[in-house]
Amino acid sequence: MKISNDKIISNEKIANDTYKMVLQPETIPIILPGQFVNIKVDGNMLRRPISVASVDQNTYTIIYKVVGVGTKKLSKLSKGHILDIMGPLGSSFPIHETLDEVLLIGGGVGVPPLYEVAKQYRQQGIEVYVVLGFNDKDAIFYEDDFKQLGCKVYTSTMDGSYGIKGTVMDCIKEHNITCDTVYSCGPLRMLEAVDKNYKKGYLSFEARMACGIGACMGCVCKDKEDKEMYYRICKEGPVFEIGKVEIVC
Amino acid sequence: MKISNDKIISNEKIANDTYKMVLQPETIPIILPGQFVNIKVDGNMLRRPISVASVDQNTYTIIYKVVGVGTKKLSKLSKGHILDIMGPLGSSFPIHETLDEVLLIGGGVGVPPLYEVAKQYRQQGIEVYVVLGFNDKDAIFYEDDFKQLGCKVYTSTMDGSYGIKGTVMDCIKEHNITCDTVYSCGPLRMLEAVDKNYKKGYLSFEARMACGIGACMGCVCKDKEDKEMYYRICKEGPVFEIGKVEIVC
Amino acid sequence: MLEIKLPGLDLKNPIIPASGCFGFGREYAELYDLSVLGGIAIKSATLEKRYGNPTPRIAETPEGMLNAIGLQNPGVDAIIANELPWLATFDTQIIANVAGASEEEYIEVIKRLNANETVKAYELNISCPNVKHGGIGLGTDPTLAANITRMAKEVATKPVYVKLSPNVSNIVEIAKAVEAAGADGLVLINTLLGMRFDLHTGKPILANLTGGLSGPAIKPIALRMVYQVYKEVKIPIIGVGGICSAEDVLEFLYAGASAVQVGMYNFVDPYICPKIIEDLPKTLKKYGIKNIQEAIGRSHHE
Amino acid sequence: MLEIKLPGLDLKNPIIPASGCFGFGREYAELYDLSVLGGIAIKSATLEKRYGNPTPRIAETPEGMLNAIGLQNPGVDAIIANELPWLATFDTQIIANVAGASEEEYIEVIKRLNANETVKAYELNISCPNVKHGGIGLGTDPTLAANITRMAKEVATKPVYVKLSPNVSNIVEIAKAVEAAGADGLVLINTLLGMRFDLHTGKPILANLTGGLSGPAIKPIALRMVYQVYKEVKIPIIGVGGICSAEDVLEFLYAGASAVQVGMYNFVDPYICPKIIEDLPKTLKKYGIKNIQEAIGRSHHE
Ligand SMILES: Cc1cc2nc3c(=O)[nH]c(=O)nc-3n(C[C@H](O)[C@H](O)[C@H](O)COP(=O)(O)OP(=O)(O)OC[C@H]3O[C@@H](n4cnc5c(N)ncnc54)[C@H](O)[C@@H]3O)c2cc1C
Ligand SMILES: Cc1cc2nc3c(=O)[nH]c(=O)nc-3n(C[C@H](O)[C@H](O)[C@H](O)COP(=O)(O)OP(=O)(O)OC[C@H]3O[C@@H](n4cnc5c(N)ncnc54)[C@H](O)[C@@H]3O)c2cc1C
Ligand SMILES: Cc1cc2nc3c(=O)[nH]c(=O)nc-3n(C[C@H](O)[C@H](O)[C@H](O)COP(=O)(O)O)c2cc1C
Ligand SMILES: Cc1cc2nc3c(=O)[nH]c(=O)nc-3n(C[C@H](O)[C@H](O)[C@H](O)COP(=O)(O)O)c2cc1C
Ligand code: FES
Ligand code: FES
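Residue numbers (this note's numbering), protein chains in the order written: chain F, 1 to 249; chain H, 1001 to 1249; chain B, 2001 to 2302; chain Y, 3001 to 3302.
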């Protein structure tokens, strides 16, 4: 973890309310798939946690949705602007070398952190199923990017305006995807469903954060079994083994 | 008065901690000599009142000293930046057509609003004496500008590093300037001295302001005689006839 | 969708400039038609003309400001003679904010305003230091707060709102006392007591030493007090503290306010009130709210 | 020029991360050497391990934030076993912040910490809701505040600082009660109670409904309280509330603080404490101050 002044290389809209920003850090840190950065927005106190979607030679990419004041301000920034960024932070999606196939399940802006997972698995030639869920056709992004990596991509929308109508679970059923190792990130209700239906794999969680580094206890969640045990989503998380965390919707 | 988005045409350092900014408003308002504008600075609540130094075809000029957070931020802005500006505000220095000569007495950043006064009197061919007071040589600005208008310019510095050593009053005495109609702007102690030594003319005051338009009563001063009577420096002022206002240093 | 009826006040929308932040409206009338406003809370009126505190009276703070104006105003008679007839020309509801250095002064001010038809309601400012009680604000003691409310209600011919001070351990206790004493409504909150120091001189920036903190900085405190008080009283609440957007208004409505006042943000953006009024219908729509009534106290429902 | 000696605390500089905003220092130790700090106020310790409140526990506010952590901590025994030995390896002064749901809990926590040599002083957090008194903080009642102070002083083998709640009508009254009960120093202020609402759901953002407001927004209130209390007590004051620069520190010293704590700004800039320590000598020099001592209470002098 460090604080770095990262330069915006590009910042463009890629779907409804959804932006892709490429950043160039002063020195390129090692960023693992699933880790996040914590971005200072001018005029706001708390940093905004955003997952890293992919890492390249000397840049990295984030995908964010405009939901409030902070992400709104981010969306207005142009190329060349310098951002005060803390990171990389948190745990990552472990990449196993002994698997035959993996299933990535992403919902909305939960999709981006899965991209780097797909990339690393595809580099090893492992079969990657990708199931994406969006609200509607206009919200869809990254479908082609996953395809270009050679993943098998299946998309669903809640309103049926594209792909399967329904949730990602509906989509999986519909396409008879049987792969049992999942990597998932998205809305809490989706994670809850994934948690219920799978035994192997990893989930990535969100929480309102203050420090982002494990000091304030702002972002904790409980262990599923041992109610005395807790984890900090910013430190032990955001990625946890499936079944580890108590999910309260 | 109106709120306008004014574009910065230039913003350059002209003396120690002192900057000159040329601004282009959306539509050019009528700005009278001695009036001020109230500038919104990003990240600060209260607007910063700054006098207009001179008015041109479709631009106007302000001169400001960096004394705190707001003026510091202003000094960092570059050409093309848009500022949210309220103005022009307050009373102005009346320009009389029947005078033979006038004496302008300016101290530090009190100098700029006198420039437009000098310009208008010189346009009428009236003799203009200008006495400028600064802390030291490095703080001096606008001496040449007044000279170019054809004014008789006399400068003093508190530390004697340039011109007469001492206050503007020392300078006036030293140069035997006898003109009895004064226009003055500068530190309160200077205004107090001018107020004591002259009977005719105008003084421009400063005060910490909130609304800048006369609504909050934040900036009031008292009448010199009638202690029940008060004036709002942002509305009835900043320019008052000499002898009108009670000066409390 | 924006209308709301409160005791004495028939508001076309819930936006009211706060007392002391709008003078008597003259300066803002040069900028826009005051008839767009739901109402106007005019500057605190005292019996005699008051000059107020020495200057500096203003200091800036992070997302806020301190003021120590000290109730400067021309006195109730001058207000009746010069300001109210002019304000009567606008189609908006005038709330007279009443203050005083003793209980008797409040009562006398109210008596003189009773006959004036322009004033639709009173707002008792019980935050100011009271000479009779050693300079303590009536608003920090439930007994004193109830007492002045009762006295005001006895003479007032218009509804009485009481504007509470937030500088208290227990705002609910004060609110309940004031309600029990007959108040028709509450205005929450006045300013919090604060200070700033001059780095050069080491002295307080304000000549009065302390001043009242207002602005977005205090919004979370105001919201909390509106929420706590709404739970415990039946009379309507006008929310105030840091409001500068239609979203802020919505938060206050959710917390339990029936209308709101906008204070220091008038200084930041003199058009803020008409802007909020314009934004409000879109904002309600965006969050699926059909009308103001539906939003009031929403955080407390089911 | 930065040293300051306070009861039990030999500070090389007046900068101390505030309780709850620095954990037990482990996360920040990865970023810089904790030995640069004047001291560290560790997270409130309770007798048993505590999970705290449900989430969300955090909300943003203008120039501030709300938190409702609810004193999550591993319990005093685990702190003694796991955290204090590690903290002992740094050359800085450790202040143990003590909390509890009853007076007896505070006392038991203090007893267990007494033997530990790393802890140089106690800081009683009397802002938290107390089960024995119907969930009211001990810090809002002068009698209760004095009582817990007296009980703590009876058992404590180290100086006792009392950290006051700002949610009171009269901070001076509480401060004097606590001083009379034997407190060695005061810490001013804890957070102000606030709320935020979710625009979509209409509900409070925090699961706990209300939370503690901290950050630059509350600085003017903290400064005012330090100033008022300094006038009336003889024991030293540690100032806290919104500090994020050397200039802020200077304001607190002028107001009457002898040292300061930095809270939520650690989250905005994790290097803020070392930065302030580095800036402080330049800043003192800029304003003509020779040493910390000269600045303390300067606004009150002559
Ligand atoms: C580990 C992690 C990774 C994330 N990755 C992404 C990503 O890749 N792309 C993306 O679009 N979003 C991501 N989010 C969610 C993102 O942090 C929020 O959408 C964002 O903080 C909202 O900021 P705002 O100012 O626009 O909203 P506002 O509502 O104005 O924010 C107010 C406060 O609430 C916090 N907040 C609001 N919503 C959330 C949320 N869902 N999660 C956490 N904090 C929130 C903000 O950080 C801020 O402190 C991630 C969150 C976490 C915790
Ligand atoms: C009518 C008028 C005309 C002015 N014209 C000029 C000018 O032409 N050039 C120039 O350099 N300065 C001028 N000033 C002074 C200028 O307003 C202040 O220097 C400036 O506001 C300082 O802002 P800051 O953020 O840098 O200082 P800070 O100290 O950080 O400001 C904090 C607050 O105090 C106020 N403040 C601080 N000093 C003053 C002051 N001297 N007068 C009024 N408010 C103050 C600020 O506006 C702000 O609200 C004028 C002031 C007035 C009232
Ligand atoms: C400059 C100024 C003057 C004020 N004068 C009064 C007053 O005379 N009477 C009163 O009841 N409140 C007065 N207030 C308090 C406001 O009406 C309001 O309660 C407070 O500022 C909080 O709202 P805000 O955060 O929107 O400013 C004043 C506030 C300011 C900033
Ligand atoms: C996340 C968080 C947790 C806190 N936890 C505690 C605590 O456990 N004990 C305590 O006495 N104060 C606690 N505080 C209050 C701070 O120590 C400090 O008094 C307050 O935040 C004001 O300072 P600031 O404005 O610099 O943050 C906490 C504050 C925050 C923001
Ligand atoms: S955000 Fe502070 S512990 Fe996770
Ligand atoms: S600044 Fe408000 S009346 Fe002058």
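Beta carbons are placed, not taken as given, at the ideal position from N, Cα and C, and that holds for glycine. Here the structure is a predicted model, which means the values were calculated and not measured.
Beta carbon of Tyr3265/Y: closer than 7 Å to some heavy atom of ligand 4?
Numbered from 1 along the fourth sequence, position 265 holds the residue referred to as residue 3265/Y. Yes.
Cβ distance (whole Å) where Asn2067/B is taken to contact Gly1070/H below 8 Å
Mapped onto the third sequence, residue 2067/B falls at position 67. Mapped onto the second sequence, residue 1070/H falls at position 70. So it is not a contact: roughly 18 Å between Cβ atoms.
Where does Ile2957/Y fall in DSSP's three states?
Coverage of chain Y is limited to positions 3001 through 3302, which leaves residue 2957/Y absent and any answer about it impossible.
Beta-carbon contacts of Lys1137/H that lie in its chain and below 7 Å, excluding the five residues immediately before and after:
Here residue 1137/H refers to the residue found at position 137 when the second sequence is read from its first residue. Answer for Lys1137/H: Thr1157, Ser1161, Tyr1162, listed in chain order.
Can you name the start and end residues of the beta strand (DSSP E) that Arg1047/H belongs to?
Taking the second sequence and counting its residues from 1, the one referred to as residue 1047/H is at position 47. Element bounds for Arg1047/H: n/a, residue is neither H nor E.
Chain H contact residues for Met2065/B, given Cβ-Cβ distances below 7 Å:
Locating residue 2065/B in the third sequence gives position 65, counting from the first residue. Here the neighbours are Met1045, Leu1046, Ala1210.
Relative to the C-alpha of Gly1080/H, which candidate in Asn1005/H, Lys1173/H, Glu1174/H has its C-alpha closest?
On the second sequence, position 80 is the one that residue 1080/H refers to. Cα-wise, what sits closest to Gly1080/H is Asn1005/H.
Look at the Cβ atom of Ala3217/Y, then the Cβ atom of Pro3062/Y, and state whether they are nearer than 8 Å.
The sequence position of residue 3217/Y within the fourth sequence is 217, counting from 1. The sequence position of residue 3062/Y within the fourth sequence is 62, counting from 1. Cβ atoms of Ala3217/Y and Pro3062/Y: closer than 8 Å.
Which term fits Asn3114/Y, buried or exposed, when burial requires 16 or more other beta carbons within 10 angstroms of its beta carbon?
In the fourth sequence, counting from the first residue as 1, residue 3114/Y sits at position 114. Flag for Asn3114/Y reads exposed.
Contacting positions in the segment 3253–3273 of chain Y - beta carbon closer than 8 Å to chain F
Met3264, Asn3266, Phe3267, Val3268, Asp3269, Pro3270, Tyr3271
Pair every Cβ in the segment 2166–2182 of chain B with every Cβ in the segment 3247–3262 of chain Y, then say whether three or more of these pairs are closer than 8 Å.
no
Give the C-beta separation of Asn2167/B and Ser3044/Y to the nearest angstrom, bearing in mind that I take them to be a contact with Cβ-Cβ under 8 Å.
Within the third sequence, residue 2167/B is the residue found at index 167, counting from 1. Within the fourth sequence, residue 3044/Y is the residue found at index 44, counting from 1. Not a contact, Cβ separation roughly 26 Å.
Stretch-stretch touch, CB-based, cutoff 8 Å, three pairs: the segment 2225–2241 of chain B with the segment 2186–2202 of chain B
yes
Decide if Thr1178/H is buried, meaning its Cβ has at least 16 other Cβ atoms within 10 Å, or exposed.
As a working note, residue 1178/H is residue 178 in the second sequence. Looking at its Cβ environment, which holds fewer than 16 other Cβ atoms inside 10 Å, Thr1178/H is exposed.
I need the DSSP call for Arg3026/Y, collapsed to helix, strand or coil.
Walking along the fourth sequence from the start, residue 3026/Y turns up at place 26. Helix at Arg3026/Y.
Taking the runs of the beta strand (DSSP E) that are 3 residues or longer, which of them lie wholly in the segment 5–31 of chain F?
18–24
For Ala2339/B, count the other beta carbons within 10 Å of its own beta carbon; 16 or more makes it buried, fewer makes it exposed. Which is it?
Examination of residue 2339/B is not possible in this model, given that chain B is present from 2001 through 2302 alone.
Is it a yes or a no for the segment 1235–1247 of chain H touching the segment 2001–2014 of chain B, going by three-plus beta-carbon pairs under 8 Å?
no
If we define contact as Cβ-Cβ less than 8 Å, is Cys1249/H a contact residue for chain B?
Along the second sequence, one-based indexing puts residue 1249/H at 249. Chain B, which has no Cβ nearer than 8 Å to the Cβ of Cys1249/H, makes this no.
Grouping DSSP H, G and I as helix and E and B as strand, with all else coil, what is Phe1141/H?
As a working mapping, residue 1141/H is identified with position 141 in the second sequence. In this structure, Phe1141/H counts as coil in the three-state DSSP scheme.
Would you say Lys1235/H touches ligand 5, meaning its beta carbon is less than 7 Å from a heavy atom?
Position 235 of the second sequence, counting from 1, holds the residue named residue 1235/H. For ligand 5, not one heavy atom lies less than 7 Å from the Cβ of Lys1235/H.
The alpha helix (DSSP H) with Ser1075/H in it runs from where to where?
Walking along the second sequence from the start, residue 1075/H turns up at place 75. Its alpha helix (DSSP H) spans residues 1069–1075.
Between which residues of its own chain and Met3001/Y is the CB-CB distance below 8 Å, once the five residues before and five after are set aside?
By 1-based counting over the fourth sequence, the position of residue 3001/Y is 1. These residues qualify, in order along the chain: Pro3281, Leu3284, Lys3290, Asn3291, Ile3292.
Using Cβ-Cβ distances below 8 Å, what residues of the segment 1162–1173 of chain H are close to chain B?
none
Every unbroken beta strand (DSSP E) within the segment 2158–2184 of chain B, with a cutoff of 3 residues, ordered by chain:
2160–2163
According to the neighbour-count rule (16 or more other Cβ atoms, all chains shown, within 10 Å of its Cβ), is Pro3129/Y buried or exposed?
Looking up residue 3129/Y in the fourth sequence gives position 129. Its Cβ having fewer than 16 others within 10 Å, Pro3129/Y is exposed.
For the beta strand (DSSP E) containing Leu2213/B, list its first residue and its last residue.
The residue given as residue 2213/B occupies position 213 in the third sequence. Element bounds for Leu2213/B: 2211–2214.
Answer yes or no: the CB of Ala1210/H versus the heavy atoms of ligand 6, is any distance below 7 Å?
For the purposes of this step, residue 1210/H is taken as residue 210 along the second sequence, with counting starting at 1. Yes, since a heavy atom of ligand 6 falls inside the 7 Å radius drawn around the Cβ of Ala1210/H.
Residues of chain B with CB under 8 Å from Arg3196/Y, in chain order?
Here residue 3196/Y refers to the residue found at position 196 when the fourth sequence is read from its first residue. The contacting residues are Pro2220, Leu2223, Glu2251.
Name the chain B residues that come within less than 9 Å of Val1055/H, Cβ to Cβ?
Counting from one through the second sequence, the residue named residue 1055/H turns up at place 55. Those do not exist, as Val1055/H stays about 22 Å from chain B at its closest Cβ, beyond 9 Å.
Strictly under 8 Å for the Cβ-Cβ distance: is Met1001/H near chain B by that measure?
Here the question's residue 1001/H lines up with position 1 in the second sequence. By this cut-off, Met1001/H is an interface position.
Flag Met217/F as yes if its beta-carbon sits less than 8 Å from any beta-carbon of chain Y, otherwise no.
For the purposes of this step, residue 217/F is identified with residue 217 of the first sequence, where counting begins at 1. Yes - at least one Cβ of chain Y is within 8 Å of the one on Met217/F.
Excluding sequence positions up to five away, which residues of its chain have a Cβ less than 6 Å from the Cβ of Gly3070/Y?
In the fourth sequence, residue 3070/Y corresponds to position 70, counting from 1. Contacts found: Gly3052, Asn3053.
Pop quiz: Ala3101/Y and Ala3146/Y are said to be a contact at Cβ under 8 Å. What is the actual Cβ separation, rounded to whole angstroms?
Residue mapping note: residue 3101/Y aligns to position 101 of the fourth sequence, counting from 1. Residue mapping note: residue 3146/Y aligns to position 146 of the fourth sequence, counting from 1. Contact doesn't hold; Cβ gap of about 19 Å is too wide.
Three-state secondary structure assigned by DSSP to Lys199/F:
Locating residue 199/F in the first sequence gives position 199, where the first residue counts as 1. Looking at Lys199/F - three-state DSSP - the assignment turns out to be coil, as it is neither helix nor strand.
Proximity test, Met2065/B beta-carbon vs ligand 3 heavy atom, cut-off 7 Å
In the third sequence, counting from the first residue as 1, residue 2065/B sits at position 65. Yes, Cβ of Met2065/B sits closer than 7 Å to a heavy atom of ligand 3.
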